[in-house]
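Residue numbers (our numbering): 3 to 74. Reading through the structure tokens given below for one structure.
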């Protein structure tokens with residue numbers, strides 16, 4: 003049976019995902035974009051979009067309180 007995760011676990015996982023995607027974004031920029039490798043800007047743009055979605059979800063989860071609403 004699948005384990006249900008609490009908000010602290012989801013927040014931690016979302017934060018880890020944001021950090022990992024950020025590191026990947028930095029690597030792609032340093033290696034591919036700076037070396038002018040074909041399609042590097044498209045790859046960097048894709049990673050940037052994914053990173054932004056991850057950051058938005060992390061913020062949404064982190065601001066959610068235990069009563070099911072958004073903290074003020």
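Backbone N, C-alpha and C define an ideal beta-carbon position, used for all residues, glycine too.
According to DSSP, is residue 37 helix, strand or coil?
Looking at residue 37 - three-state DSSP - the assignment turns out to be coil, as it is neither helix nor strand.
Proximal residues to residue 17 (C-beta, below 7 Å), its chain only, five neighbours per side dropped
Here the set comprises 60.
Can you give me the Cβ contacts of residue 49 inside the same chain, cut-off strictly under 8 Å, excluding the 5 residues immediately before and after it?
Result list for residue 49: 23, 26, 27 and 30, in chain order.
For the alpha helix (DSSP H) holding residue 28, just list the boundary residues, first then last.
Looking at the DSSP string, the run of the alpha helix (DSSP H) that includes residue 28 is 9-30.
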